[in-house]
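Colleague: Here's a structure for you.
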Amino acid sequence: MAGPPSGEGGYVRPAMHNTPPMETAPPMTEETATLEPPGSIAVIGAGPLGIEAALYGRFLGYNVTLFEAVEVAHSIADRRDQPIPMMPDRCVSPLAKGALDAQAGDDEPKSLPLSIAEWIDRVWLPLTQTDLLRGRLRCPARVSAMELVSAPSDDGDDSDLEDDDVPPDFRLRLAEGETADFEAVIVATGAEGTEIERSFDEPVDYLFTIGRQPTGDAEQDFAGGLKQIVAVYASLGGRADLDLYRPPRG
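So the number in this note's numbering is just where the residue sits in the sequence shown, counting from 1, plus 344.
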């Protein structure tokens with residue numbers, strides 16, 4: 345179960361206005377719903393974008409759990425013998441590539457994947473075993489439903505907060521009947537995300553969707569999904585300029 349995070353100043357996740365499902369970045373305002381690390385985030389779907397989203401959150405210090413119903417990169421696993429559907433140097437984010445290089449622990453240049461099998465076996469599976477994601481993948485674990493529940497009370501000094509100021513948590517219900525609570529959810533299952541039953545109307549704060557509208561161009565879809573990931577965490581961080589994919593200056 346996930347409780348609300350506390351910082352030195354107490355509760356840090358204010359209740360704000362609803363934001364739409366995140367297919368594009370919303371305008372940043374003083375009322376943008378934010379969540380400070382180590383707030384709890386569930387990422388549903390361990391495909392390329394789901395793994396990237398989980399890794400990004402871990403780099404920022406969030407408590408991330410990655411759920412996958414079948415297997416890592418299941419959506420492309422039946423095409424293992426096919427060539428990778430994009431330029432090899434664009435098949436993984438710079439953040440993920442850095443994590444893989446750090447895990448390898450040597451300076452030897454790595455050859456880029458050319459087939460989908462290599463893409464899965466040399467990029468996505470190893471990423472789930474990097475230091476930041478090891479032990480955070482739950483697979484197989486199918487999320488069948490989600491609902492809103494009252495967040496657990498905080499032991500900190502939040503006496504000036506009204507009940508309505510504390511946003512609800514998301515309770516995920518797994519196909520096996522188990523439940524788990526999170527402060528934010530990122531759905532990265534593509535069109536299959538609509539199969540998750542919801543007991544509430546959308547949009548709702550702290551629920552994001554990435555990669556739901558494929559164009560048929562895999563390279564464009566992946567690049568667009570990375571932009572959506574940046575937008576999600578910029579929104580949660582309350583910082584329009586937050587972008588871990590941006591090359592460092594000079």
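A virtual CB, placed ideally from N, CA and C, is assigned to each residue, including glycine.
Count the other CB atoms within 10 Å of the CB of residue 552; is the residue buried (16 or more) or exposed (fewer)?
Modeller: Buried, because 16 or more other Cβ atoms sit within 10 Å of the Cβ of residue 552.
Colleague: Could you have a look at residue 542 and say whether DSSP puts it in helix, strand or coil?
Modeller: In the structure shown, residue 542 sits in a strand (DSSP, three-state: E or B).
Colleague: Out of curiosity, what's the CA-to-CA distance linking residue 512 and residue 497?
Modeller: So the alpha carbons of these two residues sit roughly 11 Å apart.
Colleague: Output the boundary residues of the beta strand (DSSP E) element that contains residue 384.
Modeller: Note, residue 384: beta strand (DSSP E), 384-388.
Colleague: Just to confirm before moving on: does the CB-CB distance between residue 458 and residue 427 stay below 8 Å?
Modeller: Taking 8 Å as the Cβ cut-off, residue 458 and residue 427 qualify as a contacting pair.
Colleague: What do you reckon, are the CB atoms on residue 492 and residue 514 nearer than 8 Å?
Modeller: For residue 492 and residue 514, yes; Cβs fall inside 8 Å.
Colleague: Could you tell me which residues DSSP pairs with residue 491 in its beta bridges?
Modeller: Answer is 515.
Colleague: Can you tell which of 397, 517 and 468 has its C-alpha closest to the C-alpha of residue 419?
Modeller: Out of 397, 517 and 468, 468 has the C-alpha closest to the C-alpha of residue 419.
Colleague: Hey, residue 417 and residue 392 are a contact pair by Cβ (cut 8 Å); roughly how many whole angstroms apart?
Modeller: Contact flag correct, Cβ pair sits at about 7 Å.
Colleague: Taking the alpha-carbon of residue 388 as reference, which of 381, 563, 576 and 397 has the nearest alpha-carbon?
Modeller: Nearest of 381, 563, 576 and 397 to residue 388, Cα basis: 397.
Colleague: Give the secondary structure of residue 593 by DSSP, where H, G and I count as helix, E and B as strand, and everything else as coil.
Modeller: In this structure, residue 593 counts as coil in the three-state DSSP scheme.
Colleague: Indicate the three-state DSSP secondary structure (helix, strand or coil) for residue 471 in the structure shown.
Modeller: It is helical.
Colleague: What is the DSSP secondary structure of residue 419, counted as helix, strand or coil?
Modeller: Looking at residue 419 - three-state DSSP - the assignment turns out to be helix.
Colleague: Is it right to say residue 544 is buried, meaning 16 or more other beta carbons lie within 10 angstroms of its own, or is it exposed?
Modeller: Residue 544 is exposed by the Cβ-count criterion.
Colleague: So if DSSP puts residue 530 in a beta bridge, which residue, or which two residues, is it bridged to?
Modeller: For residue 530, which the question treats as bridged, DSSP gives the partners 387 and 552.
Colleague: At what residues does the beta strand (DSSP E) containing residue 580 begin and finish?
Modeller: Looking at the DSSP string, residue 580 is not in any beta strand (DSSP E); the run it does join, the alpha helix (DSSP H), is 562-581.
Colleague: Going by the CB atoms, is the gap between residue 464 and residue 421 shorter than 8 Å?
Modeller: Yes, the pair counts as a contact, with Cβ atoms nearer than the cut-off.
Colleague: Nearest to residue 410 by CA position, among 395, 400 and 476, is which residue?
Modeller: That would be 395, whose Cα lies nearest to the Cα of residue 410.
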